[in-house]
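Protein chains: 4
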Amino acid sequence: MEKKINITIFNENYHDSNDYCVRHYPNGMHNAIKKGLEVDPCFNITIATQDMEECGLTDEVINNTDVMFWWGHIKHNEVPDHIVNKVHQRVLKGMGLVVLHSGHFSKIFKKLMGTGCDLKWRCSNDKERFWCVNPSHPIANGIPQQFTLDQEEMYGEHFDIPAPDELVFISWFSGGEVFRSGCTFRRGNGKIFYFRPGHESCPSYNNEYVLKVLRNAAHWACPAEATFQHYGKFDSLENPEVQ
Amino acid sequence: MEKKINITIFNENYHDSNDYCVRHYPNGMHNAIKKGLEVDPCFNITIATQDMEECGLTDEVINNTDVMFWWGHIKHNEVPDHIVNKVHQRVLKGMGLVVLHSGHFSKIFKKLMGTGCDLKWRCSNDKERFWCVNPSHPIANGIPQQFTLDQEEMYGEHFDIPAPDELVFISWFSGGEVFRSGCTFRRGNGKIFYFRPGHESCPSYNNEYVLKVLRNAAHWACPAEATFQHYGKFDSLENPEVQ
Amino acid sequence: MEKKINITIFNENYHDSNDYCVRHYPNGMHNAIKKGLEVDPCFNITIATQDMEECGLTDEVINNTDVMFWWGHIKHNEVPDHIVNKVHQRVLKGMGLVVLHSGHFSKIFKKLMGTGCDLKWRCSNDKERFWCVNPSHPIANGIPQQFTLDQEEMYGEHFDIPAPDELVFISWFSGGEVFRSGCTFRRGNGKIFYFRPGHESCPSYNNEYVLKVLRNAAHWACPAEATFQHYGKFDSLENPEVQ
Amino acid sequence: MEKKINITIFNENYHDSNDYCVRHYPNGMHNAIKKGLEVDPCFNITIATQDMEECGLTDEVINNTDVMFWWGHIKHNEVPDHIVNKVHQRVLKGMGLVVLHSGHFSKIFKKLMGTGCDLKWRCSNDKERFWCVNPSHPIANGIPQQFTLDQEEMYGEHFDIPAPDELVFISWFSGGEVFRSGCTFRRGNGKIFYFRPGHESCPSYNNEYVLKVLRNAAHWACPAEATFQHYGKFDSLENPEVQ
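Chains as they are written, first to last, in our numbering: chain A, 1 to 243; chain B, 1001 to 1243; chain C, 2001 to 2243; chain D, 3001 to 3243.
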């Protein structure tokens, strides 16, 4: 049987009790994402919300997570640094991280990127169309050459990130902008995927293609078996301890 | 005084006598490009058109060119293979190559890319907007964060090229498509820039930003001083001939 | 049950009857590779050698192959162009290709790369040590931070290839050279892996780590389910045929 | 006349009064680097050492610097965070940064990379040989295909950095290791070059090729004219303030 993948969905869970969010996500965005993921029997899914003790990200949760999803927006700064540092270390040791929408400004994403991660935005219900520019990438598996969300917040270039290792999707917005909306990065042993859609007042996490991309991303970001890497003083290749 | 750069502008020169082209380019597209480049006193510019003997690309012209611009469309297959092979070898030895618009399907571009170089297209005078995604790149120097051409042929993804070494511009089209419209590639010692605009019935080579990009690209693609690279049998580092 | 992967191992099969090769590979290099791959029950393996009719690469074989391994050396030019063109088209449509050792100079690799693919070489039984520079890459899965082959032909930089999409291994040679010895490229829908070791007079395809890399590469290069990509004239997104 | 480039050389200046350093660098490593750079009349050079007030990196110095060189080793943690943050912001706004040798573990490099930046090391006077893998890169201009330092500290892979945007040099060490020793990265509007050699007890900054690489890197990393990038709320492309 295929290996189980332990997934933790982190959500700020602040907008989720407001009408504009509830009408699309009656149980919160995290549960909409969970519902979309659990179609795949490989996934064991844990929910962590910012209102839980330790943001739901205890050492046990972090250490047992293979792939973490991260949704945050206006309470980024209230995630304590010691938790961000633990998640950062866990990514470098191999945990996958899927950063969603306004998570572009989260402490953890900025710490991993090293840049400002800023962009243009407009809340006016643009139409967003995703074009696949890397059709053989596993994250694009089963996704048509384009798909459209009728209503989304606009994010526009310049997106202040390092050049992605791989660019998978580019978004077109009806208001006239474009955005690198599906980007992969490797940091340490961890694989990171940034995926743009998911404004709190839009039903994007109910869209079948968005959810398929999230499932693909979880498989892609899942760490392989760990290989020992020696760092620090290295006397000699003849020393069997460091081979 | 700064070093002179020898530029050759190759044009198929087939559309250029038709009304749809003449109204924007009374002296052909090649002369519009020449006019835009010669603002820069560094450039020595030669014109080569496909109707000339050897397509204007004699050994002497090819060997003396630092940066070649290439516009072709419906007569790609009439460029003889022996000329394409000579241009290919010259690129690998260091010549810069700026491939324009429908040149995506030229023999030389396909030979350098190794892929099909296909794309979607539509002749319906879309509006095209260029967004810069790499603002510190020398090819984007002096270009605003976006500029717009009111009328262009649409090219849409998937564009079947290798992942560019650097992505500089992404185009937005009013009909709903996006395109990686400014892409760099290094092949051998040569630097290649693909730049999308320039349909024969649209006045894009009269646009100040398009021409500025072409001037920037010529400077970027110009070869540096050659460094000897030894290939083949290599006896030993102690052999002074191959150091 | 996991999906079967159809693998074809192409070998020039010219050196394989000579003593220097037979002593390490009594049934030819292709059968040593086959033996190393068939440990994995996912793989259906076909052998194609250059002495077979159509080089063993009939339309049926090519079209049914998910991942092709390619070993060639001094008879590259005797592989007919029409076969190379068919393999090239098949890669662009999604077939994986693992190019081995002196295959760097094969027609198919040069056609896919667009460059000269030249390098330095020396037949003097250098020691070669592989260092992993991308430990979370699936091709490095289960491979230690370094492994050593006591005896190999030297290949040295500059290796005249496009910058790889991903660099997985760098080789160190006892004579003083380095080489980018594990490189990935995507071309069209196909994934390509170049892996350096495998001189005909050295027992590298009997090495457990070399064979593990080959198995990993087959899994990595195997195409995902195909997604339709429309190329050519594209009237409108409203046309359901091209969605 | 060509534009002047304002360079600041930052040195920890801790080892520089010890015999092992003085014998190669009687006026400190920073002055050896300065001497190597000032051959080029384009450069205005300022020295900043960690023992100066504000580490020599006052707002005025930082704001007037086009390209900063950074050498640090055992006192990384004594550079105050508020200075690191200012240098980080300045890089994102366009300042070039050339990180030298043990600067791989500086706060500024780790903050820009987002990874651990760890590696293997050995102080045993290995021979180090630099192979150029990107001969048309401006940083390799005028550098032979390889050059050797007879005596250097070893740094070995895995080097825990993001995949470089461009790999220019790979080092071979006589003890058996390799290292990606010349790497470029773009972060925000800033260009970053990591260059490996420069142990405090080795005379590498007296080597003509090392110094040529540093001069090339200063030209490459120097910012072009700034282009306004709008970030944040973006009402419309029709708003002339944000064009």
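Glycine included, every Cβ here is placed at the ideal spot set by N, Cα and C.
Roughly how many angstroms separate the alpha carbons of residue i and residue j, rounded to a whole number?
| i | j | result |
| --- | --- | --- |
| phenylalanine 1010 of chain B | serine 1106 of chain B | 12 Å |
| phenylalanine 1195 of chain B | glycine 1094 of chain B | 19 Å |
| arginine 3129 of chain D | serine 3102 of chain D | 18 Å |
| lysine 3233 of chain D | tyrosine 155 of chain A | 9 Å |
| leucine 1149 of chain B | serine 1171 of chain B | 10 Å |
| asparagine 1018 of chain B | asparagine 1031 of chain B | 15 Å |
| lysine 2110 of chain C | tryptophan 2070 of chain C | 13 Å |
| glutamate 3225 of chain D | asparagine 3006 of chain D | 14 Å |
| proline 3162 of chain D | glutamate 54 of chain A | 29 Å |
| leucine 1237 of chain B | cysteine 3202 of chain D | 23 Å |
| valine 1087 of chain B | lysine 120 of chain A | 42 Å |
| tyrosine 3020 of chain D | threonine 3115 of chain D | 32 Å |
| glutamate 3152 of chain D | glycine 3182 of chain D | 15 Å |
| valine 3099 of chain D | valine 2178 of chain C | 23 Å |
| lysine 2004 of chain C | asparagine 2125 of chain C | 38 Å |
| threonine 3008 of chain D | glutamine 3089 of chain D | 16 Å |
| glutamine 145 of chain A | proline 80 of chain A | 40 Å |
| lysine 1127 of chain B | threonine 2058 of chain C | 47 Å |
| aspartate 1051 of chain B | valine 2084 of chain C | 33 Å |
| threonine 227 of chain A | phenylalanine 1228 of chain B | 39 Å |
Return the first residue and the last residue of the alpha helix (DSSP H) that residue i is part of.
| i | result |
| --- | --- |
| lysine 1034 of chain B | 1029–1037 |
| phenylalanine 159 of chain A | Unbroken run through phenylalanine 159 of chain A: none, as it is neither H nor E. |
| asparagine 1063 of chain B | 1059–1063 |
| glutamate 2225 of chain C | Unbroken run through glutamate 2225 of chain C: none, as it is neither H nor E. |
| asparagine 189 of chain A | Premise fails: asparagine 189 of chain A is in no alpha helix (DSSP H) and is neither H nor E. |
| valine 3022 of chain D | 3019–3022 |
| methionine 3113 of chain D | 3107–3113 |
Taking Cβ to Cβ, would you say residue i is nearer than 8 Å to residue j?
| i | j | result |
| --- | --- | --- |
| glycine 1190 of chain B | valine 1039 of chain B | no |
| histidine 1158 of chain B | proline 135 of chain A | yes |
| phenylalanine 2185 of chain C | aspartate 2165 of chain C | yes |
| isoleucine 1143 of chain B | tyrosine 1205 of chain B | no |
| aspartate 1118 of chain B | tyrosine 2231 of chain C | yes |
| leucine 3037 of chain D | isoleucine 3045 of chain D | yes |
| valine 3067 of chain D | alanine 3218 of chain D | yes |
| valine 2168 of chain C | cysteine 2132 of chain C | yes |
| isoleucine 1062 of chain B | leucine 1214 of chain B | no |
| asparagine 1141 of chain B | asparagine 1216 of chain B | yes |
| arginine 187 of chain A | leucine 112 of chain A | yes |
Return the chain-ordered list of same chain residues with a C-beta closer than 8 Å to the C-beta of residue i, the five sequence neighbours on each side being excluded.
| i | result |
| --- | --- |
| methionine 2001 of chain C | Because the pLDDT at methionine 2001 of chain C is just 49, under 50, the model does not fix this residue reliably, and the point stays unresolved. |
Leaving aside the five residues before and after residue i along the sequence, list all residues of the same chain whose C-beta is less than 6 Å from its C-beta, in chain order.
| i | result |
| --- | --- |
| tryptophan 3220 of chain D | Pro3138, Ile3139 |
| tyrosine 14 of chain A | Lys75 |
| glycine 3072 of chain D | Glu3012, Gly3103, Ser3106 |
| glycine 2096 of chain C | Val2067, Lys2191, Ala2221, Cys2222 |
| asparagine 27 of chain A | none |
| phenylalanine 2043 of chain C | Ile2005, Ile2007, Leu2037 |
Taking the beta strand (DSSP E) that residue i falls in, what are its first and last residues?
| i | result |
| --- | --- |
| alanine 1048 of chain B | 1043–1049 |
| valine 3099 of chain D | 3096–3100 |
| aspartate 3126 of chain D | 3120–3132 |
| asparagine 2006 of chain C | 2005–2011 |
| valine 3168 of chain D | 3166–3173 |
Going by beta carbon distance, what residues of the same chain come within less than 7 Å of residue i, once the five residues before and after it are set aside?
| i | result |
| --- | --- |
| threonine 3049 of chain D | Asn3011, Asn3013, His3030, Gly3056 |
| asparagine 1254 of chain B | Absent from the model: residue 1254 of chain B. The displayed extent of chain B is 1001 to 1243, so no value can be given. |
Whose Cβ in chain G lies nearer than 9 Å to the Cβ of residue i?
| i | result |
| --- | --- |
| histidine 24 of chain A | Absent from the structure is chain G; the protein chains it does hold are A, B, C and D. |
Worksheet entry | Cβ-based contacts, 8 Å cut-off: residues of the stretch 2004–2021 of chain C near chain B | none
Worksheet item: Using a beta-carbon distance cut-off of less than 7 Å, what residues from the stretch 174–202 of chain A approach chain B?
Response: Gly176, Glu177, Val178, Arg180
Worksheet item: Taking a cut of 7 Å between CB atoms, which residues from the stretch 1090–1114 of chain B lie near chain C?
Response: Leu1092, Lys1111, Leu1112, Met1113, Gly1114
Worksheet item: Using a beta-carbon distance cut-off of less than 9 Å, what residues from the stretch 1115–1128 of chain B approach chain C?
Response: Thr1115, Gly1116, Asp1118, Leu1119, Lys1120, Trp1121, Arg1122, Cys1123, Ser1124
Fill in: Residues from the stretch 161–172 of chain A in contact with chain D, defined by Cβ distance under 7 Å
Pro162, Ala163, Asp165
Discussion item. By the 8 Å beta-carbon criterion, what residues does the stretch 2219–2234 of chain C contribute toward chain A?
Written reply: Pro2223, Ala2224, Glu2225, Thr2227, Phe2228, Gln2229, His2230
Worksheet item: Quick one, which residues of the stretch 2127–2150 of chain C are near chain D if we go by CB-CB under 9 Å, in chain order?
Response: Lys2127, Arg2129, Trp2131, Cys2132, Val2133, Asn2134, Pro2135, Gln2145, Gln2146, Thr2148
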